[in-house]
Structure formats: structure tokens, C-alpha cells
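Numbering (this note's numbering), first residue to last: 5 to 321. C-beta atoms are modelled at their ideal positions from N, C-alpha and C, and glycine is treated no differently. These figures come from a predicted structure and were not determined experimentally. Below is one structure; the comments refer to it alone.
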């Protein structure tokens, strides 16, 4: 009976039918899901929500890992589209279905953005309770609290994550990453070098950050170069590296990272990468390249009023 009630709830929120037999159309579902992701990458969040809803509609009376994955995408698109209540409803349904730790964390993050700190922190505690060995949950909570000027509280979650037992290469990677976030750079380097020895290529990225923070810029550059060549680089990581170079006034280096990110097959943060690259071109004095990319940007994101204003300035250069 309980399972039936939960399924009906999911049907209401996800538009999944629980009546009748039917079979799910995997190809159609995958096509809608991919189209939704493409829409998100282009900033077309309303279209993305519709696509994810259609993807869920192809799953008749069945809720599995793929459907839950689509629901997470849908909630993210709803939030990005300004439909906060809709996003909360989607997370609510996921949580009522299987008490997913990631759903608790993401809902908590959304509550923090809304200024509902008490609800946000309660969700963070629930996320840890249901994902005690999930390093990403602890790191995500830290990042959310830091973003909301509660870094000290966030560091407590990082310290708790360091208590997770495990000596596998993946554990070394995460503990190195967390040590770096805690400012313990020597410990971070020790963990990450071990992870790198065991072919954890992402370790090169964090090693670059740790070496740089520890004052060894040569080793930092070498590690970052290894990471980019490894094929595991994400557009988010490359964006962060580019922004660090921007802060240091190294605009040409920043462009290397931004453009490398834009060349990847999957670029969910394409808009941020393009805007940052345009700024880097301007700061470096390459106004022709800035104008060219701005033209491409406005074609992809025609509703960006700030970019339109900036384009007016560029036209005078």
C-alpha cells in the first residue's frame, strides 16, 4: 500500500502513469533527455523542463535509476528557470520515494538560496544521514555554506568527511581534495600524489591547485597540463582555472582554459565560459576576437541585456 501511494505521488509530480501495463520507449526517452540537456546548455531552461517531462512520460508505470536521473535534471532546469516551487516539488517527490541524499542536499541548497536557512541546514543534516560515506555530499554542503558566508560551518562537514574510513585510490583522491579545501596543502599533496600513482587522473587537477597554493607554480602548471591532456577535464574545472588566471591578471592563460572548455563535447556552463572569454579578450586588448565571440554569444543568448550593453561598447572599439 505504501509503495502504491508513493507511486501515485510520483505520478502527480513527474507525470508518470501508474495505471495499466504498457512498456517504456527507451529510445524516445533517451532522445528527450539528451534534448533537455542540450537546451540547458543553451540557456533554454523552459524548453529543457518540457523535454525532461516528455522523457518521464515515456516511462509508463516504471520508476528506475534513469527516471530519477531525469528528475534531477528537471529540478535543476526548473530552478534555473526561476521556478523554485516547482523545483522544490520535484525534490520533495524524489525524497519521498527513496530518501535520496543528493536530493536532500540539493533541496537544502535551494532553501539556502531562498533565505530559508533553517530548512536548508535541516536538509543538509538529512543528506549526511542518508549519505554518510558520500564525499560529494559533504563537499557540496561545504560549498553551499561557503557561498552563503558560512564557511566555518561548512568546514565542519569537511572535517567529518575526513573521518570516512577507506584507503582505496578514490578515498585518497577525495581526502586530498578535502585537505586542499581545508587549507592543508601539504596533506593534500600527499594524498593526491598517492591517488595519481593509482591512475586517478582527476588528482592532477587538484594537485595543480594544491601546489599553486603551496607556492610551487612550476609543479602546478605541469599538473594542470597533465590534467587537460588526460581527457577527463570538465568544462566546470576549466572555467574555475580560467577564473583564477583572470584574478591574477593572466588573461591569455585564462583564455586557454576558457576555450579548452568550450571545445569539449559537453559544455553545460557554456554561457559562463563564453562571457568570461569575451571579458578576457577585452582585458588582453584583442577586441576583434571579443567582438566575434560576442556575436556568437548574442545569437545563443539573445535575451542577455547586460551583454547587449557590453556589445554597444565593443562596437566603439
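- Inclusion of residue 281 and residue 262 in the CB contact set at 7 Å is warranted, their separation being smaller than that value.
- Taking a cut-off of 8 Å on C-beta distances, the stretch 146 to 164 touches the stretch 104 to 120, as three or more cross pairs fall below it.
- Within 10 angstroms of the beta-carbon of residue 128 lie 16 or more other beta-carbons, which makes it buried.
- Counting along the chain, residue 173 sits inside the alpha helix (DSSP H) bounded by residues 173 to 185.
- Setting aside the 5 residues that flank it on each side, residue 52 is surrounded in the same chain by 40, 43, 44 and 81, each with a C-beta closer than 6 Å to its C-beta; the list follows chain order.
- Around the CB of residue 33, 16 or more other CB atoms lie within 10 Å, so the residue is classed as buried.
- For residue 265, the CB contacts under 6 Å within the same chain, skipping 5 residues up- and downstream, are 239, 242, 243 and 277 in chain order.
- Secondary structure of residue 38 (DSSP, three-state): helix.
- Check the Cα spacing between residue 174 and each of 220, 185 and 198: the tightest is with 198.
- In this structure, the beta-carbon distance from residue 318 to residue 298 falls below 7 Å.
- In this structure, the straight-line span from the alpha carbon of residue 217 to that of residue 31 is close to 47 Å.
- Residue 140 and residue 57 have their C-alpha atoms some 27 Å from each other.
- Counting only runs of at least 4 residues, the stretch 283 to 321 fully encloses the following alpha helix (DSSP H) elements, listed from N- to C-terminal order: 291 to 304 and 309 to 318.
- Residue state for residue 169 is assigned as coil, using DSSP reduced to three classes.
- In the DSSP assignment, residue 232 falls within the unbroken alpha helix (DSSP H) covering 221 to 234.
- Beyond the five residues adjoining it in sequence on each side, residue 247 comes within less than 7 Å, by CB distance, of 280 in the same chain, given in chain order.
- For residue 238, there is no enclosing alpha helix (DSSP H), as DSSP marks it with neither H nor E.
- Each residue's CA atom was taken as its position, placing residue 224 and residue 273 some 24 Å apart.
- Counting along the chain, no alpha helix (DSSP H) covers residue 135, and no H or E run does either.
- Here residue 204 has 173 and 177 as same chain residues with Cβ atoms under 6 Å from its own Cβ, once five neighbours each way along the sequence are excluded.
- Exclusion of the five residues before and after residue 36 leaves 55, 58 and 59 as the residues of its chain whose Cβ lies within less than 6 Å of its Cβ.
- The Cβ atoms of residue 91 and residue 79 sit closer than 7 Å to each other.
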